[in-house]
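Notes to accompany the following structure.
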Amino acid sequence: MILYINCCPRKESRTNRLANSLLEKLGLYKEVKLYEKDITPLDAKKLEYRTSLIEKNNYDNDIFDYAKQFAKADIIVISAPFWDLSFPAMLKTYIENIYVTGIVTKYGNDGIPVGLCNAKKLYYVTTAGGPLDERFGYGYIKTLALDYFGIKETSLIKAEMLDILGNDSEKILKEAILDIKL
């Protein structure tokens with residue numbers, strides 16, 4: 429199953445357009461539109477409840493549904509615009525909700541994370557009005573995928589410099605779409 433995590437708040441999102449071009453090549457997918465879901469940050473009450481379930485190895489609660497969906501996916505596509513050297517806060521909130529020890533990761537006896545996710549590849553799709561610094565938004569996701577989730581390969585699909593005066597944003601986006609490789 430291909431899982432598409434859509435973190436594009438704008439209706440006419442350039443990032444979503446780029447992601448849809450990738451998804452056309454990948455095939456059928458299940459989409460999670462983060463801005464249409466009731467995903468909230470972990471506050472003290474929710475965290476305490478979740479921790480109590482994890483300690484009892486009780487993963488049958490719906491609080492773990494997104495984590496289980498993420499862990500079972502064969503391919504993951506995340507789309508998020510490049511905002512303030514990162515991505516929208518909604519994506520961080522989603523990650524904090526799916527990062528569940530016992531579902532997406534566990535820790536070995538040496539304390540080193542061992543990924544439990546099924547996905548062989550994660551694609552991170554983003555667009556930026558100016559230059560993109562891959563160390564931040566993509567770098568964070570790549571580190572989680574490789575070092576914590578057990579996803580062996582990541583790929584960045586991007587279109588940048590879209591809002592620079594004199595640049596043809598449509599041409600840049602079309603070129604990025606043509607450059608998509610699986």
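Here my numbering is used: the first residue of the sequence shown is 429, the next is one more, and so on.
Beta carbons: idealized from backbone N, C-alpha and C, even for Gly.
Predicted model only: the values in this text are computed from it and were never measured.
Inter-stretch contact (C-beta, 8 Å, three-pair minimum) for the stretch 434-446 and the stretch 489-496 = no
| Start and end of the beta strand (DSSP E) containing Gly-543? | Translated into positions along the sequence shown, residue 543 becomes position 115. From DSSP, the beta strand (DSSP E) with Gly-543 extends over 541-543.
_I need the straight-line Cα distance from Thr-571 to Lys-599, nearest angstrom please._
Along the sequence shown, one-based indexing puts residue 571 at 143. Along the sequence shown, one-based indexing puts residue 599 at 171. Rounded to whole angstroms, Thr-571 to Lys-599 spans 31 Å at the Cα level.
Confirm, please, whether the CB-CB distance from Ser-449 to Ile-605 is below 9 Å.
Against the sequence shown, residue 605 aligns to sequence position 177. Against the sequence shown, residue 449 aligns to sequence position 21. Their beta carbons are under 9 Å apart, which means Ile-605 touches Ser-449 by this criterion.
Figure out for me which residue from Lys-484, Ala-499, Ala-472 has the closest Cα to the Cα of Lys-549. Stepping through the sequence shown from its first residue, residue 549 is reached at position 121. Out of Lys-484, Ala-499, Ala-472, Ala-499 has the C-alpha closest to the C-alpha of Lys-549.
Val-542 beta carbon less than 9 Å from that of Tyr-535: Here the question's residue 535 lines up with position 107 in the sequence shown. Here the question's residue 542 lines up with position 114 in the sequence shown. For Tyr-535 and Val-542, yes; Cβs fall inside 9 Å.
query: Of the residues Arg-445, Thr-443, Leu-456, Asp-596, which one's Cα is nearest the Cα of Met-429?
result: As a position in the sequence shown, residue 429 is number 1, starting the count at 1. Checking every option, the nearest Cα to that of Met-429 belongs to Leu-456.
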